[in-house]
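Trainee:
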Amino acid sequence: MRLPAVLLACALIAGCAGTAVQERRQAAARVAQQAGWQGLEMDAGAFVLAAFVPPGLSRAGTLTVYIEGDGAAWVDAGTPSFDPTPRDPLALRLAIGDPRRQAVYLARPCQYVEGPSRRHCEAHYWTAGRFAPEVVAASGLAIDRLKARYGATRIELVGYSGGGAVAALLAARRSDVARLITVAANLDTQSWTTDLGLSPLRGSLNPADEWRALSAIPQRHYVGARDRVMPQGIARSYASRFPASGKPEIVVVPDFDHRCCWEQAWPALLDGLPRASGAER
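Heads up: the sequence shown runs through residues -19 to -1, 1 to 262, numbered per mature numbering (1 follows the signal peptide of the UniProt record, and there is no 0).
1) Shortest alpha-carbon distance to Arg240 belongs to which of Gly42, Arg160, Arg126 and Met211?
2) Going by C-alpha distance, which of Pro61, Ala133 and Ile48 is nearest Ala104?
3) Residues in the same chain with beta-carbon distance under 6 Å from Arg160, minus the five sequence neighbours each way, listed in chain order, please.
4) Going by Cα to Cα distance, which pick from Ile215, Leu254 and Gly205 is closest to Asp238?
5) How would you label Arg6, buried or exposed, when you count the other beta carbons within 10 angstroms and need 16 or more for buried?
6) Span of the alpha helix (DSSP H) holding Gln171?
7) Cβ atoms of Phe28 and Tyr86: under 8 Å apart, would you say?
8) Below 8 Å CB to CB, which residues in the same chain sit around Gly180 once its five sequence neighbours on both sides are set aside?
9) Between Asn187, Ala54 and Ile77, which lies nearest to Leu38 when the distance is taken from Cα to Cα?
10) Contact defined as beta carbons within less than 8 Å: I believe Leu195 pairs with Val117. What is the distance between those atoms, to the nearest angstrom?
11) In this structure, how does DSSP classify Leu(-12) when only helix, strand and coil are distinguished?
12) How many Å lie between Gly143 and Pro67 at the Cα?
13) Which first and last residues belong to the alpha helix (DSSP H) in which Glu244 is found?
14) Helix, strand or coil for Gly37? Go by DSSP, reduced to three states.
15) Less than 8 Å between the C-beta atoms of Gly20 and Ala10, yes or no?
16) Measuring CB to CB, does Asp169 end up less than 8 Å from Tyr219?
17) Helix, strand or coil, according to DSSP, for Trp107 in the structure here?
18) Fully enclosed by the segment 85 to 150, which alpha helix (DSSP H) runs are 4 residues long or longer?
19) Of all the options Arg201, Ala165, Arg222 and Ile162, which has the alpha carbon lying nearest to the alpha carbon of Ala189?
20) Considering only residues of the same chain and omitting the five flanking positions on each side of Gly132, which have a CB-CB separation below 6 Å?
21) Grab me the residues of Lys128's own chain with a C-beta within less than 7 Å of its C-beta, minus the 5 sequence neighbours each way, in chain order.
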């Protein structure tokens, strides 16, 4: 039986998309395996979230949790992807490269997972709703599980790109955050969509609106001077919400863009971080 041309094209596209997703999953697994890290899946309420954890880490008083960026959210400007698994998991590379050896990696909803673990995996959750309350809640549940696994009492949150927005939103809602660090992060979603002429992120929370809850948390936000995806004006718009006496630290790194050259410079950039908060809020 001959398939109509449209159906045949759709079948081919779906097959190619599935192959590409598998390749992205396998690429992340190779990055993790080369460092001896292992993958986990955690039931986190609305979603099942993937994580990678290092060997030899049995306990950590303060656990550093790296949160991945938005990943492959779009095929093109008007077409959401079938699966948001990153093409290159930069946050995973940063976690592995953290010389303090108390780091774990947390993916965003629907990244890396397949089959029954893809529950509630609608494109809304990696497009307009990427920072929806249920996304933040699921990430929080997964972090609770990671804390329990390692007996941690405090966490340090490190977020890359959209993962920085999730990290900030989590920090605003938790009493155990010792420090917030972001890299090329979407810290003011309204400023980002307005400045770049993008559609509003309807259904998403905006980290900049949480400035009061974040004001007591030590923060550092790294921005690449050549970043056109997340220009430094986004971080500065976020910082402008805070009073003059308590603005968060923004570090603009010359010659860096949205991806280059964070992995190579990461150990040095971690030197001299703001002192972590030790008191419960």
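Note that CB positions come from ideal geometry on N, CA and C, so glycine has one too.
Mentor: This is what the structure holds:
1) Of the listed residues, the one whose Cα sits closest to Arg240 is Met211.
2) For the residues Pro61, Ala133 and Ile48, the minimum Cα distance to Ala104 belongs to Pro61.
3) The beta carbon of Arg160 is closer than 6 Å to those of Glu137, Pro199 and Ala257 in its chain, skipping five residues each way along the sequence.
4) For the residues Ile215, Leu254 and Gly205, the minimum Cα distance to Asp238 belongs to Gly205.
5) When all chains shown are included, Arg6 counts as buried.
6) From DSSP, the alpha helix (DSSP H) with Gln171 extends over Thr170 to Asp176.
7) Taking 8 Å as the Cβ cut-off, Tyr86 and Phe28 do not qualify as a contacting pair.
8) With the sequence shown as reference, residue 180 is identified as Ser, and Gly is not the correct amino acid for it. Same-chain partners within the cutoff: Ala109 and Thr174.
9) Taking each of Asn187, Ala54 and Ile77 in turn and checking the Cα distance to Leu38, the smallest one comes out for Ile77.
10) Contact between Leu195 and Val117 is ruled out by a C-beta separation of about 14 Å, above the 8 Å threshold.
11) Any reading at Leu(-12) must be qualified, since the residue scores a pLDDT of 39, below 50, and its modelled position is unreliable; no value is offered.
12) Computed Cα separation, rounded: 12 Å.
13) Membership of Glu244 in the alpha helix (DSSP H) is indicated by the continuous run Trp243 to Leu250.
14) In the structure shown, Gly37 falls within a coil segment according to DSSP collapsed to helix, strand and coil.
15) Contact: yes.
16) Cβ atoms of Asp169 and Tyr219: closer than 8 Å.
17) If DSSP states are grouped into helix, strand and coil, Trp107 belongs with the helices.
18) Within the segment 85 to 150, complete alpha helix (DSSP H) segments of at least 4 residues are found at 114 to 131, given in chain order.
19) It is Arg222.
20) Residues Arg40 of the same chain have their beta carbon placed closer than 6 Å to that of Gly132, with the five preceding and five following residues left out of the count.
21) Within the same chain, Cβ atoms closer than 7 Å to the Cβ of Lys128 are found at Leu44 and Ile136, the five residues on either side in sequence being excluded.
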